Amino acid sequence: IHCHTPATDASGPVKATMDVLFEDFQKMRMPAQVRVSLACCLNMRGAVHCSDIAILGYHRKPPLLDHEYVDKMCEIPLAIAACPTAAIKPSKVEFNGQKLNSVAVKNERC
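Everything in the sequence shown is counted per the working numbering, starting at 999 for the first residue and increasing by one.
In structure tokens form, the structure reads like this:
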């Protein structure tokens, strides 16, 4: 689990949006300067909410957990803090006879 991964890849939505808007930008048919932004994740910074046209990617499925690697590759407190719906909680899991620090996900909150 790594909560800083994007919910969407930017290239597809950006290309589709600019295909539609490109001619309007070229011929200056917009009433004023227009700011178009894409956020790949709800937690992303960059004042996307201040844009005239904002596209936001969001996660539709709960994250998959690989308990063997969570504690080794992820700072658990940061993963917990990054979840906007508080769906991720710390937990201890038994894996191959060892107790490991990991996380649990409340799927209904995702």
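From the three backbone atoms N, C-alpha and C, an ideal C-beta is built for every residue, glycine too. Every value quoted in this text rests on a predicted model; they were computed, and no experiment measured them.
Could you check which residue in the options has the C-alpha nearest to that of residue i?
i: Gly1055; options: Lys1104, Val1101, Val1103, Gly1010; result: Gly1010
i: Ala1052; options: Ala1014, Leu1036, Pro1061; result: Leu1036
i: Ser1150; options: Lys1025, Ala1080, Asp1064; result: With the chain represented from 999 up to 1108, any question about residue 1150 goes unanswered, as that position is not in the structure.
i: Asp1050; options: Arg1058, Cys1038, Gln1031, Glu1066; result: Gln1031
Pick helix, strand or coil for residue i, following the three-state DSSP scheme.
i: Leu1019; result: helix
i: Ala1079; result: helix
Roughly how far, in whole angstroms, is the beta-carbon of residue i from the beta-carbon of residue j, given that I think they are within contact range, below 8 Å?
i: Lys1087; j: Ile1078; result: 7 Å
i: Ala1080; j: Ser1089; result: Actually they are not in contact, since the Cβ atoms of Ala1080 and Ser1089 sit about 17 Å apart, beyond 8 Å.
i: Val1046; j: Thr1015; result: In fact, because the Cβ distance is near 13 Å, the residues do not count as touching under 8 Å.
i: Cys1108; j: Ala1084; result: Between Ala1084 and Cys1108 the Cβ distance is about 11 Å, and since that is not below 8 Å, they are no contact.
Check for me: the beta strand (DSSP E) holding residue i runs from which residue to which?
i: Ala1030; result: Note, Ala1030: premise wrong, no beta strand (DSSP E); not H, not E.
i: Lys1070; result: Careful: Lys1070 lies outside any beta strand (DSSP E), inside the alpha helix (DSSP H) at 1065-1071.
Specify, as a first and last residue, the run of the alpha helix (DSSP H) that residue i falls within.
i: Leu1054; result: Careful: Leu1054 lies outside any alpha helix (DSSP H), inside the beta strand (DSSP E) at 1051-1054.
i: Ala1102; result: Per DSSP, Ala1102 belongs to no alpha helix (DSSP H); it is in the beta strand (DSSP E), 1096-1103.
Under 7 Å from any heavy atom of the ligand SAM, does the C-beta of residue i make it?
i: Val1012; result: Ligands are entirely absent from the displayed structure, and the ligand SAM is therefore not among its contents.
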